[in-house]
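In my numbering, the protein residues as written are 7 to 291. Here a beta-carbon is modelled for each residue, glycine too, at the ideal position from N, C-alpha and C. Taking it in order: structure first as structure tokens, then the write-up.
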Amino acid sequence: MNDLLFLQKTAMNFTKKQTLTILFLFFFSFLFSQTTTSDSLRGEFTYLLQYKPNTLNRDNVYKELFTMQISDKRAFFISENRLKFDSLFMEQYNKNRSNFNIDMRGLPSSKFKFLIIQTNDNSEFYESVGTALLSYNTPVIRDWKLIDETKVINSIHCKKAEVHYKGRDWIAWYSMEIPFPYGPYKFSGLPGLIVKITDKTGDYDFELVKSVSSAKLKGKIITINKRHYQNAKLVTKKELIQATTNYRDNIKYELEKMGTVFSEGQNRQKISEAEKKGYNPIELE
7 MNDLLFLQKT AMNFTKKQTL TILFLFFFSF LFSQTTTSDS LRGEFTYLLQ YKPNTLNRDN
67 VYKELFTMQI SDKRAFFISE NRLKFDSLFM EQYNKNRSNF NIDMRGLPSS KFKFLIIQTN
127 DNSEFYESVG TALLSYNTPV IRDWKLIDET KVINSIHCKK AEVHYKGRDW IAWYSMEIPF
187 PYGPYKFSGL PGLIVKITDK TGDYDFELVK SVSSAKLKGK IITINKRHYQ NAKLVTKKEL
247 IQATTNYRDN IKYELEKMGT VFSEGQNRQK ISEAEKKGYN PIELE
């Protein structure tokens with residue numbers, strides 16, 4: 007009798023997991039199939055971010071590449087690993103759609119799940135929380151202080167600007183030779199592309215490391231998948247952060263209901279509290 011109950015429970019858990027997997031793959035395969043077709047590509051740039059995620063260990067420097075794709079009226083800024091994930095996911099899905107056998111472990115990951123779209127009016131921040139896509143807007147930075155100082159960075163002639171933004175003091179180097187008013191993250195509003203921007207503590211640094219010549223962009227379009235920004239629910243930044251926290255708590259609860267055991271929970275909690283003490287976000291306000 008006990009063996010029968012065990013087998014029934016095991017089957018139910020397996021069915022739940024299998025159903026969740028199928029729903030997950032169906033949802034993402036539908037979203038991944040949608041790519042933008044309306045934005046002609048006018049500029050394509052790669053930035054290297056180097057940052058220190060925790061102030062208690064400043065020797066730990068994390069690096070990640072981001073791409074910026076620019077159309078006539080807006081710029082898309084997203085982690086390169088997220089774009090690689092899109093491509094490899096669809097490749098695996100198309101090969102294994104009959105048995106839903108997709109190895110998520112082999113796909114690249116990113117610490118930055120957001121997409122930022124810059125326009126002349128604002129920066130639109132998008133992030134997925136579970137199956138919900140949320141976004142909030144922040145106005146374009148207007149209080150740049152232009153400095154009469156020049157510098158050559160990677161063979162590009164640049165001018166200096168400074169700004170206090172979200173609790174940090176930033177030094178930017180922009181080039182009027184590249185007439186796009188955009189830059190990495192939410193930094194825009196200067197009379198030229200931002201080539202390098204660093205906060206004065208040295209905790210965050212974005213630098214342009216690669217660009218594609220305009221001749222190679224003719225006839226190309228923005229390749230950011232629409233799932234990253236289409237039909238998003240507009241919220242406040244505070245609401246997005248709270249939704250992310252709630253989602254993580256709910257996922258843990260649901261996994262525990264299905265029998266998942268999280269070992270060393272108390273030690274993990276202590277580590278999390280220690281990490282929070284030195285947590286070093288890009289925005290301090």
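| Query | Result |
| --- | --- |
| Interface flag, L54 vs chain B, CB-CB below 7 Å | Annotation note: the requested chain B is absent from the structure, which comprises a single protein chain. |
| From L214, I84, T250, residue whose alpha carbon lies closest to that of S181 | L214 |
| DSSP bridge partner residues for V60 (one or two, in chain order) | Note on identity: in this sequence residue 60 is Asn, with Val being the wrong assignment. Y285, per the DSSP bridge assignment. |
| Supposed close pair K192, S116 - CB separation, criterion 8 Å | Not quite, the Cβ-Cβ distance comes to about 17 Å (not below 8 Å), so this is no contact. |
| Counted within 10 angstroms of its Cβ, other Cβ atoms place E291 as buried (16 or more) or exposed | exposed |
| For S85, the nearest candidate out of K69, G225, T207 (CA to CA) | K69 |
| Option in T144, Y285, N66 with minimal Cα separation from T125 | T144 |
| Residues near G136 by beta carbon distance below 7 Å, same chain, minus five either side | Y253 |
| Beta-carbon spacing of G284, L62 below 7 Å | yes |
| Residue environment, S220, which counts as buried when at least 16 other CB atoms sit within 10 Å | exposed |
| Pair within 7 Å by beta-carbon distance, I159 and V218 | no |
| Spatially closest choice to I147 from P190, K224, P185, Y132, by CA coordinates | P190 |
| Buried versus exposed call for Q24 [16 or more other C-beta atoms within 10 Å across all chains shown] | Reliability of the predicted coordinates at Q24 is poor, the pLDDT of 45 falling under 50, and no value is obtained from them. |
| Neighbour-count burial assignment, D127, 16 or more Cβ in a 10 Å radius | exposed |
| As assigned by DSSP and simplified to three states, the class of S141 | strand |
| DSSP beta-bridge partners of D205 | W176 |
| K58 burial status per 10 Å Cβ neighbour count (16 or more: buried) | buried |
| Contact belief for K157 with W179 at Cβ below 8 Å, rounded distance in angstroms | 6 Å |
| Other residues of its chain near I288: CB distance less than 6 Å, five sequence neighbours each side excluded | Y210 |
| Extent of the continuous beta strand (DSSP E) to which M74 belongs | 68-76 |
| Nearest residue (CA-CA) to D65, options Q75, D255, F72, Q56 | Q56 |
| Limits of the unbroken beta strand (DSSP E) element including N160 | From DSSP, N160 is part of no beta strand (DSSP E); its letter is neither H nor E. |
| Cα-Cα separation between S161 and K216, rounded to whole angstroms | 12 Å |
| Whole-number beta carbon distance between F212 and L199, since they are thought to touch under 8 Å | With a Cβ gap of about 12 Å, L199 and F212 do not count as contacting. |
| Straight-line Cα distance separating M74 from D6 | Outside the displayed range of the chain (7 to 291) lies residue 6, so it cannot be described from this structure. |
| Three-state secondary structure (DSSP) of L290 | coil |
| Sub-7 Å separation of I227 and D45 beta-carbons | yes |
| Three-way DSSP call (helix, strand, coil) for S35 in this model | Bear in mind that a pLDDT of 42 at S35, under 50, signals an unreliable position, so the model cannot answer this. |
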